[in-house]
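Chains A and B supply the protein sequences, listed in that same order. Its first residue numbered 26, the first sequence is counted upward by one per residue in this note's numbering. Its first residue numbered 62, the second sequence is counted upward by one per residue in this note's numbering.
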Amino acid sequence: MGKIISIANQKGGVGKTTTAVNLAASLAIAERKTLLVDLDPQGNATSGIGYESDDNQRSIYQALLGLATPQEVLHQTDFAYLDIIPANPDLIGAEVELLQFERREFILADRLMPLLGSYQYIIIDCSPSLGLLTINSLTAAHTILIPLQSEYYAMEGLGQLLHTVNRIQETLNPRLDIEGILLTMMDQRTTLARQVEKEVRQHFGSLVYESIIPRNVRLSESPSHGKPIALYDVSSTGAQAYFQLADEFLRRQPNVMKAEIAPVKGAQ
Amino acid sequence: MNNLAADKLKRLLIDGSRQLDIHLDPAHQEAFMGYLTALQRWNRAYNLTAIKDGQEIICRHFLDSLSFLPFLSGISGSVLDLGSGAGFPGLPLALLLPAIHFLLVEARQKKTLFLQHVTRLLGLKNVEILRLHLHKGNGSTEFKIPVAALVSRAVSVPDDVFPVAGEVLAPGGLVLLSATASSREKIMEALSLHENLRLEDIKKVTIPFLEQQRYMIRIIRV
Numbered sequence: 026m027g028k029i030i031s032i033a034n035q036k037g038g039v040g041k042t043t044t045a046v047n048l049a050a051s052l053a054i055a056e057r058k059t060l061l062v063d064l065d066p067q068g069n070a071t072s073g074i075g076y077e078s079d080d081n082q083r084s085i086y087q088a089l090l091g092l093a094t095p096q097e098v099l100h101q102t103d104f105a106y107l108d109i110i111p112a113n114p115d116l117i118g119a120e121v122e123l124l125q126f127e128r129r130e131f132i133l134a135d136r137l138m139p140l141l142g143s144y145q146y147i148i149i150d151c152s153p154s155l156g157l158l159t160i161n162s163l164t165a166a167h168t169i170l171i172p173l174q175s176e177y178y179a180m181e182g183l184g185q186l187l188h189t190v191n192r193i194q195e196t197l198n199p200r201l202d203i204e205g206i207l208l209t210m211m212d213q214r215t216t217l218a219r220q221v222e223k224e225v226r227q228h229f230g231s232l233v234y235e236s237i238i239p240r241n242v243r244l245s246e247s248p249s250h251g252k253p254i255a256l257y258d259v260s261s262t263g264a265q266a267y268f269q270l271a272d273e274f275l276r277r278q279p280n281v282m283k284a285e286i287a288p289v290k291g292a293q
Numbered sequence: 062m063n064n065l066a067a068d069k070l071k072r073l074l075i076d077g078s079r080q081l082d083i084h085l086d087p088a089h090q091e092a093f094m095g096y097l098t099a100l101q102r103w104n105r106a107y108n109l110t111a112i113k114d115g116q117e118i119i120c121r122h123f124l125d126s127l128s129f130l131p132f133l134s135g136i137s138g139s140v141l142d143l144g145s146g147a148g149f150p151g152l153p154l155a156l157l158l159p160a161i162h163f164l165l166v167e168a169r170q171k172k173t174l175f176l177q178h179v180t181r182l183l184g185l186k187n188v189e190i191l192r193l194h195l196h197k198g199n200g201s202t203e204f205k206i207p208v209a210a211l212v213s214r215a216v217s218v219p220d221d222v223f224p225v226a227g228e229v230l231a232p233g234g235l236v237l238l239s240a241t242a243s244s245r246e247k248i249m250e251a252l253s254l255h256e257n258l259r260l261e262d263i264k265k266v267t268i269p270f271l272e273q274q275r276y277m278i279r280i281i282r283v
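Next up, the structure:
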């Protein structure tokens, strides 16, 4: 059975999409069958992985609304081990349209259910809010991975996020666990960044990944080329950082038997 | 890897290559050590080679790859490394033969990405990496043929090496396969089915610090 990891933080610009795209790509390079789910109407994970949205009505929106099956909205990527469920601006409407559904917090969980046997990891890129879509993501997820920008206000808002996680654990999804906290956009030359790192580590201990994602020009350029950093510049410090993260991420996982993973049908 | 261990490994590399009559200048030595570090780092998450230990990598990968070198003297043009894996024998050879163009063909993405990384790391300008499952019929469409030589190692000699060789080599072109005693038998058997390939000779090769005997099989495209 696959593990669902929600990449979430209601703050914008903290490296959620970069992390979702590049962690997913790095896991795929490590030959772990991975699915990236774009749950942000901006569709940046979709374009960042190189999938060109063609308005062909096969995105996460159609799956959520029940207009298409989950298998019908799967798409292949440049990576043999990575598929994507793309997002486009249609998704903006979903936040309101889902309100009419019963069990509206469980819709994504229900939609992903039939895909769980086909993937080892399902990575969900959330939008920067704690709205219904993000609640759906946290309800579906086994774990949440929280990117934190290494700056002065890094921990601001984190309290609210952790409170939300607690509430979801108590009500909608008791199994939800914290996968880890990832420091991103680190400028290791500044003492401020080092101070922030120290503070975050003091506060959250081993939840914080040893791996740190640096500020890196190549990393910020890669989305505009529609490529994860591994394909844009495999030797950049950004790529190396995400490889290291994937290594640490995998080391923290209990072993998943490859044999449990069946080939997915319907990806095209 | 601490400095002491790194020094010891470098010593092993230098001594081993000397036994193969190959001189490594300090830049080569640094390149190999960088390659070793990158391979060990990638191996942790990406499992590129079964051999993980530094000493073993130097003997079974680096020195084993370098044992091809004397057999490529006089070659000009490009050399195809079929099933290059983590770069063996192609990358060590490309490092020491900068005038020859090396074409590394490998089907698995994690390995081609690693090859790109090391090629960049080592500043090699004479290496081209192709992610491709090379088989009879597609070689001529994916890169410029003919190539001057095709190399591959015993552990990874692919089944379709001979059909591919027939296509990508010009008459007189060389196939160079390193084999163990048991893989040698299999190779000879497969070769007998191909009339356009002729066995030139088989030479015993001793890889420094390895007990197992290796054979370098030279085959000519007729």
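For glycine and all other residues, C-beta sits at the position ideal for the given N, C-alpha and C.
Three-state secondary structure assigned by DSSP to A/I286: Position 261 of the first sequence holds residue 286 of chain A. Residue placement at A/I286 is poorly supported in this model, since its pLDDT is 48, which falls under 50; the coordinates are not used for a value here.
B/A147 - DSSP class collapsed to helix/strand/coil: As a first step, residue 147 of chain B must be located in the second sequence, where it is residue number 86. Reduced to three states, the DSSP call for B/A147 is coil.
Straight-line gap, B/L238 to A/I254 (C-alpha atoms, nearest Å): Residue numbering aside, residue 238 of chain B sits at position 177 when the second sequence is read from its first letter. Residue numbering aside, residue 254 of chain A sits at position 229 when the first sequence is read from its first letter. Taking the straight line joining both Cα atoms gives about 36 Å.
Residue of B/R275, B/V283 and B/I281 minimising C-alpha distance to B/C120: Translated into positions along the second sequence, residue 120 of chain B becomes position 59. With distances taken between Cα atoms, B/C120 lies closest to B/R275.
Reference B/N257; option with closest CA among B/S243, B/V236 and B/L191: Numbered from its first residue, the second sequence carries residue 257 of chain B at position 196. Nearest of B/S243, B/V236 and B/L191 to B/N257, Cα basis: B/V236.
Within 8 Å, strictly: CB atoms of A/A70 and A/L61: Counting from 1 along the first sequence, the entry for residue 70 of chain A is found at position 45. Counting from 1 along the first sequence, the entry for residue 61 of chain A is found at position 36. Cβ distance < 8 Å, so A/A70 and A/L61 count as in contact.
CB contact flag (A/L207, A/V225, <8 Å): Within the first sequence, the letter at position 182 stands for residue 207 of chain A. Within the first sequence, the letter at position 200 stands for residue 225 of chain A. No, they are not a contact pair.
Cutoff 8 Å: A/R272 Cβ touching any chain B Cβ: As a first step, residue 272 of chain A must be located in the first sequence, where it is residue number 247. Sequence inspection shows Asp at residue 272 of chain A; the Arg mentioned does not correspond to that position. It does: the Cβ of A/D272 has a partner Cβ on chain B nearer than 8 Å.
CB-CB length for B/V179 against B/L164, believed under 8 Å: Along the second sequence, one-based indexing puts residue 179 of chain B at 118. Along the second sequence, one-based indexing puts residue 164 of chain B at 103. In fact, because the Cβ distance is near 15 Å, the residues do not count as touching under 8 Å.
Proximal chain A residues relative to B/K171, where beta-carbon distance stays under 8 Å: Counted from its first residue, the second sequence places residue 171 of chain B at position 110. Chain A residues near B/K171: I54, A55 and E56.
Start-to-end residues for the alpha helix (DSSP H) that takes in B/Y107: Stepping through the second sequence from its first residue, residue 107 of chain B is reached at position 46. Run containing B/Y107: P87 to Y107, per the alpha helix (DSSP H) assignment.
Cβ-based burial, A/M26 [other Cβ within 10 Å; buried from 16]: Taking the first sequence and counting its residues from 1, one reaches residue 26 of chain A at position 1. With fewer than 16 Cβ atoms within 10 Å of its Cβ, A/M26 is classed as exposed.
Euclidean distance between Cα positions of A/L217 and B/I161: Start at 1 with the first residue of the first sequence, and residue 217 of chain A comes out as number 192. Start at 1 with the first residue of the second sequence, and residue 161 of chain B comes out as number 100. Roughly 50 Å between the two C-alpha positions.
Whether A/L64 touches A/I85 by CB criterion (8 Å): What you label residue 64 of chain A is simply residue 39 of the first sequence in a count that begins at 1. What you label residue 85 of chain A is simply residue 60 of the first sequence in a count that begins at 1. A contact, by the Cβ cut-off of 8 Å.
A/V259 at chain B interface by Cβ criterion, 8 Å: Working through the first sequence from its first residue, we reach residue 259 of chain A at position 234. Judged by the 8 Å Cβ criterion, A/V259 is in contact with chain B.
Residue from B/S134, B/A209, B/S244 and B/L124 whose Cα sits closest to the Cα of B/F149: As a working note, residue 149 of chain B is residue 88 in the second sequence. Closest option to B/F149, Cα to Cα, is B/L124.
Any chain A beta carbon closer than 8 Å to B/Y96: What you label residue 96 of chain B is simply residue 35 of the second sequence in a count that begins at 1. Judged by the 8 Å Cβ criterion, B/Y96 is not in contact with chain A.
Inter-residue Cα distance where the pair is B/K264 and B/F93: Working through the second sequence from its first residue, we reach residue 264 of chain B at position 203. Working through the second sequence from its first residue, we reach residue 93 of chain B at position 32. In a straight line, the C-alpha of B/K264 is about 26 Å away from that of B/F93.
Integer-rounded CB distance, given that B/G115 should sit under 8 Å from B/A147: Position 86 of the second sequence, counted from the first residue, corresponds to residue 147 of chain B. Position 54 of the second sequence, counted from the first residue, corresponds to residue 115 of chain B. At roughly 14 Å, the Cβ-Cβ gap does not stay under 8 Å, so B/A147 and B/G115 are not in contact.
Backbone CA spacing between A/M282 and B/T110 [nearest angstrom]: Counting from 1 along the first sequence, the entry for residue 282 of chain A is found at position 257. Counting from 1 along the second sequence, the entry for residue 110 of chain B is found at position 49. With a pLDDT of 45 at A/M282, under the threshold of 50, the modelled position of this residue cannot be trusted, and the question is left open.
Residues bridged to A/L208 (per DSSP): Taking the first sequence and counting its residues from 1, the one referred to as residue 208 of chain A is at position 183. The partner list for A/L208 (beta bridge, DSSP) reads A/L173 and A/I237.
Neighbourhood of B/I206 by C-beta, 6 Å cutoff - its chain only, sequence neighbours within 5 removed: For the purposes of this step, residue 206 of chain B is taken as the residue at position 145 of the second sequence. Contacts found: V229.
Beta-carbon proximity list for A/A119, same chain, < 6 Å, skipping 5 on both sides: To locate residue 119 of chain A, count along the first sequence from 1; it is residue 94. So the list reads Y86 and L89, once near-sequence residues are dropped.
Contact set for A/L244: own chain, Cβ-Cβ below 6 Å, skip 5 residues either direction: Translated into the one-based positions of the first sequence, residue 244 of chain A becomes position 219. The answer, listed in chain order, is I254 and G263.
Simplified DSSP assignment, three categories, for B/R245: The residue you call residue 245 of chain B lines up with position 184 of the second sequence. Of the three classes helix, strand and coil, the one that applies to B/R245 here is helix, per DSSP.
Buried/exposed call for A/T102, threshold 16 Cβ in 10 Å: As a first step, residue 102 of chain A is located in the first sequence; it is residue number 77 there, counting from the start. When all chains shown are included, A/T102 counts as buried.
Cβ of B/H300 within 8 Å of any chain A Cβ: The structure shown does not extend to residue 300 of chain B, since chain B is modelled only from 62 to 283, so the question has no answer here.
Minimum C-alpha distance to A/G251 - residue among A/A33, A/T42 and A/N34: As a position in the first sequence, residue 251 of chain A is number 226, starting the count at 1. Minimum Cα distance to A/G251 is reached at A/T42.
Segment contact, 8 Å Cβ cut-off, at least three pairs: the segment 80-88 of chain B with the segment 166-181 of chain B: no
Helix, strand or coil at B/K113 [DSSP, three-state]: Counting from one through the second sequence, the residue named residue 113 of chain B turns up at place 52. Correct three-state label for B/K113: coil.
Proximity winner among B/L74, B/F204, B/S134 and B/E203, relative to B/P269 (alpha-carbon distances): Here residue 269 of chain B refers to the residue found at position 208 of the second sequence. Comparing Cα-Cα distances from B/P269 to each of B/L74, B/F204, B/S134 and B/E203, the minimum goes to B/L74.
Simplified DSSP assignment, three categories, for A/R128: The residue given as residue 128 of chain A occupies position 103 in the first sequence. Coil, per DSSP.
Alpha helix (DSSP H) segments (min. 4 residues) lying fully within the segment 60-92 of chain A: 69-73 and 85-89
Environment of A/Y178 [buried if 16+ CB atoms lie within 10 Å]: The residue given as residue 178 of chain A occupies position 153 in the first sequence. Exposed: under 16 other Cβ atoms inside 10 Å.
Contact set between the segment 154-186 of chain A and chain B, restricted to residues whose Cβ is under 9 Å from the partner: none
Three CB pairs or more closer than 8 Å across the segment 259-276 of chain A and the segment 228-242 of chain A: yes
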